[in-house]
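What follows is a set of notes on a single structure, which appears directly below.
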Amino acid sequence: MSREVNLNTEHKSNTPAEIKDCWQTPKFVFDYYDRRFNFDMDVAASWSNAFIPHNHLGEQFSGLFLDALTESEWGKFNWCNPPYSNIMPWVTKAVDEMNRGSVTVMLIPSDTSVKWFKKAFENCTECHFISGRLSFINADTQKSVAGNNKGSVVFIFDPKSPVKKSVHLIDRDSMK
171 MSREVNLNTE HKSNTPAEIK DCWQTPKFVF DYYDRRFNFD MDVAASWSNA
221 FIPHNHLGEQ FSGLFLDALT ESEWGKFNWC NPPYSNIMPW VTKAVDEMNR
271 GSVTVMLIPS DTSVKWFKKA FENCTECHFI SGRLSFINAD TQKSVAGNNK
321 GSVVFIFDPK SPVKKSVHLI DRDSMK
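Positions 171 to 346 (the numbering used here) are the ones given, in order, by the sequence shown.
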């Protein structure tokens, strides 16, 4: 018996709407990938949570970072932890940037039931599932908050990668 899966759903969250899109990546996760890619742009960051202070693309406006999605070319090596309320435009932009020659490393929820996950997986060169839940940083308090109800995955979109698709499981604690 086959079961139909609705791929049009967005990521569901119990986080209050006013702070849902303002969480910062745990620094050790950013550092783990920065050692490999030496990022020049933190594309989905705001002034308050950018890891590359003078190289981020936009302030939040109505839940979207409009400049980063519509008016800007990204850097050569990009870190992206997008607002989880609307991930698809960020995946689309990462694919477009890869086709333009840029590398994007994107941290998003590990939710295979949604349309953006399928698009990211089909277009990435690497997929890293992170074992263990990440505790993201509250933008207001700058404190790590436990209780993340989903796992995380990192998609790498690298136009020059000799590998066309590889999938890995990375232990969260080994990233520290």
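Every residue, glycine too, gets a C-beta built ideally from N, C-alpha and C. Source: prediction; values computed, not measured.
Item	Value
For Val-213 and Lys-320, what's the separation of their Cα atoms in angstroms?	23 Å
Can you tell me which residues form a DSSP beta bridge with Phe-299?	Val-323, Leu-339
Report back the beta-carbon spacing between Asn-293 and Val-265 to the nearest angstrom; my notes put them in contact at under 8 Å.	5 Å
So, Trp-249 versus Val-275, is the Cβ gap smaller than 8 Å?	yes
Out of Phe-247, Lys-346, Gly-271, Ser-322, point me to the one whose CA is closest to Leu-339's CA.	Ser-322
Output the residue ranges of the beta strand (DSSP E) runs that lie fully inside the region 251-298 and measure 3 residues or longer, sorted by chain position.	273-279
Within the continuous alpha helix (DSSP H) that includes Val-199, where are the two ends?	197-207
Could you check if Lys-263 is buried or exposed, using at least 16 other CB atoms within 10 Å of its CB as the buried criterion?	buried
On a Cα-Cα basis, can you pick out the residue from Ser-331, Asp-281, Phe-306, Glu-296 that is closest to Arg-342?	Phe-306
By alpha-carbon positions, which one of Pro-332, Phe-327, Asn-318 ends up nearest to Tyr-254?	Asn-318
How many whole angstroms separate the CB atoms of Trp-334 and Thr-295, which I take to be in contact at a CB cut-off of 8 Å?	According to the sequence provided, residue 334 is Lys. The question's Trp does not apply to it. Between Thr-295 and Lys-334 the Cβ distance is about 6 Å, and since that is below 8 Å, they are a contact.
Nearest to Phe-207 by CA position, among Ser-344, Pro-332, Ser-242, Ile-326, is which residue?	Ile-326
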